[in-house]
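Just below is one structure, and these are the notes that go with it.
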Amino acid sequence: MRDSARTHVRHGSTVMGRFERSWTLLKASAAVLRADRRLLLLPLLSSIASLVVIATFALPLAGSGGLARFDAGQPAAGLLVGFAFYLVQFFVIVFFNAALVAAARMHLDGQRPSLSAALGVAASHWLRILGYAAIAATVGVLLRAIEERAGWFGRIVAGMFGAAWTVATFLVVPVLVHENIGPLDAVKRSAQLLRQTWGENLIGTLGLGLVFALFYVGWALLAALIVGGAIAAHSVALIVLAGVVVVLGFVLLGLIHSALNGVYAAVLYRYAQTGDGGAGFDGALVAQAFRSKA
Numbered sequence: 157m158r159d160s161a162r163t164h165v166r167h168g169s170t171v172m173g174r175f176e177r178s179w180t181l182l183k184a185s186a187a188v189l190r191a192d193r194r195l196l197l198l199p200l201l202s203s204i205a206s207l208v209v210i211a212t213f214a215l216p217l218a219g220s221g222g223l224a225r226f227d228a229g230q231p232a233a234g235l236l237v238g239f240a241f242y243l244v245q246f247f248v249i250v251f252f253n254a255a256l257v258a259a260a261r262m263h264l265d266g267q268r269p270s271l272s273a274a275l276g277v278a279a280s281h282w283l284r285i286l287g288y289a290a291i292a293a294t295v296g297v298l299l300r301a302i303e304e305r306a307g308w309f310g311r312i313v314a315g316m317f318g319a320a321w322t323v324a325t326f327l328v329v330p331v332l333v334h335e336n337i338g339p340l341d342a343v344k345r346s347a348q349l350l351r352q353t354w355g356e357n358l359i360g361t362l363g364l365g366l367v368f369a370l371f372y373v374g375w376a377l378l379a380a381l382i383v384g385g386a387i388a389a390h391s392v393a394l395i396v397l398a399g400v401v402v403v404l405g406f407v408l409l410g411l412i413h414s415a416l417n418g419v420y421a422a423v424l425y426r427y428a429q430t431g432d433g434g435a436g437f438d439g440a441l442v443a444q445a446f447r448s449k450a
């Protein structure tokens, strides 16, 4: 009975410890961004490039009625266009994520990375990035097809598989950047690293997601007050200004969230490989975050 009680206490303290470590690791990752705010430029460039990709595909289709034709009886053509869109979009996203991971790794090594150096590292791995983008695009098209053809059950299955895919590929970008292996092996390597270290306990990604969910909700509430005050003032200029401030706030939160994910992935991969979190991270703290499955 006493042993059972001790086990329960240890379990409870472990659960609380995970939340504490998630918050501490988030603060440590934020310290890296504070030390080098230029890292935020990479998610910004990624967002701009992604919008260009969306416009490149959406505008011609909307203007020619292509979307209606696909829905009316050309599913194969729709899948092909969807695959092409996912391929280009994933390539852009992974390319800039690779640059972010490279820059974060340089910073953790005590260097002062330049934007051009980080982009150069990503460019040197463009073929592997393209290969992984093709894999991710295939998964994306398959999940979309399941959602559209299997109703609510398909949406549940696609959502579960999509979540599992996100977990399994969390460390794919650092693997692509730092290991001389192909994209399919990089997916396997990412899943292997997660099994060896965290298992099911992805306290980092869950912690970041939870914290930023609170930030987004908090900013949304504040945004409602800002816009409401502008409307109450009956001033068009104030309403426009309030709208701009609200949008910029969400954009900034998104950039910080994306950059923190990249830094976090870089430090987790580094620790899995070397046992060292790098500059700005407490080695003992990061070691606690990596709880291998017994």
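Position 292 (the sequence shown) corresponds to 448 in our numbering; numbering is contiguous.
Here a beta-carbon is modelled for each residue, glycine too, at the ideal position from N, C-alpha and C.
Every value quoted in this text rests on a predicted model; they were computed, and no experiment measured them.
So, does the region 375-382 touch the region 394-409, judging by three or more C-beta pairs under 8 Å? yes
Assigned exposure category for Ile-249 - 16 Cβ within 10 Å defines buried: Translated into positions along the sequence shown, residue 249 becomes position 93. Label assigned to Ile-249: buried.
What alpha helix (DSSP H) runs, 4 residues minimum, are completely inside the region 279-352? 282-305, 307-324, 328-334
Measuring CB atoms only, is the region 412-427 touching the region 328-347, in the sense that at least three cross pairs come out at less than 8 Å? Touching, yes.
Around the Cβ of Val-297, are there at least 16 other Cβ atoms within 10 angstroms (buried) or fewer (exposed)? In the sequence shown, the residue the question calls residue 297 occupies position 141. Result: buried.
Confirm, please, whether the CB-CB distance from Ala-292 to Ala-274 is below 7 Å. Taking the first residue of the sequence shown as position 1, residue 274 is located at position 118. Taking the first residue of the sequence shown as position 1, residue 292 is located at position 136. Cβ distance not < 7 Å, so Ala-274 and Ala-292 don't count as in contact.
Ordered list of alpha helix (DSSP H) runs contained in the region 383-433, each at least 4 residues: 392-430
Helix or strand or just coil, what does DSSP make of Gly-266? Position 110 of the sequence shown, counted from the start, is the residue given in the question as residue 266. In the structure shown, Gly-266 falls within a coil segment according to DSSP collapsed to helix, strand and coil.
Work out the CA separation of Arg-190 and Leu-411 for me, nearest whole Å. Here residue 411 corresponds to residue number 255 of the sequence shown, with the count starting at 1. Here residue 190 corresponds to residue number 34 of the sequence shown, with the count starting at 1. Rounded to the nearest angstrom, the two C-alpha atoms are 13 Å apart.
Cα-Cα separation, Ala-319 to Ala-389: Mapped onto the sequence shown, residue 319 falls at position 163. Mapped onto the sequence shown, residue 389 falls at position 233. Answer to the nearest angstrom: the Cα atoms are 45 Å apart.
Among the candidates Phe-309, Val-400, Gly-365, Ile-285, whose CA atom is the shortest distance from the CA of Leu-244? Looking up residue 244 in the sequence shown gives position 88. One detail in the question is off: residue 244 reads as Val in this sequence, not Leu. It is Ile-285 whose Cα lies nearest to the Cα of Val-244.
Answer yes or no: do Ala-415 and Pro-269 have a C-beta to C-beta separation smaller than 7 Å? By 1-based counting over the sequence shown, the position of residue 415 is 259. By 1-based counting over the sequence shown, the position of residue 269 is 113. 7 Å or more divides the Cβ of Ala-415 from the Cβ of Pro-269.
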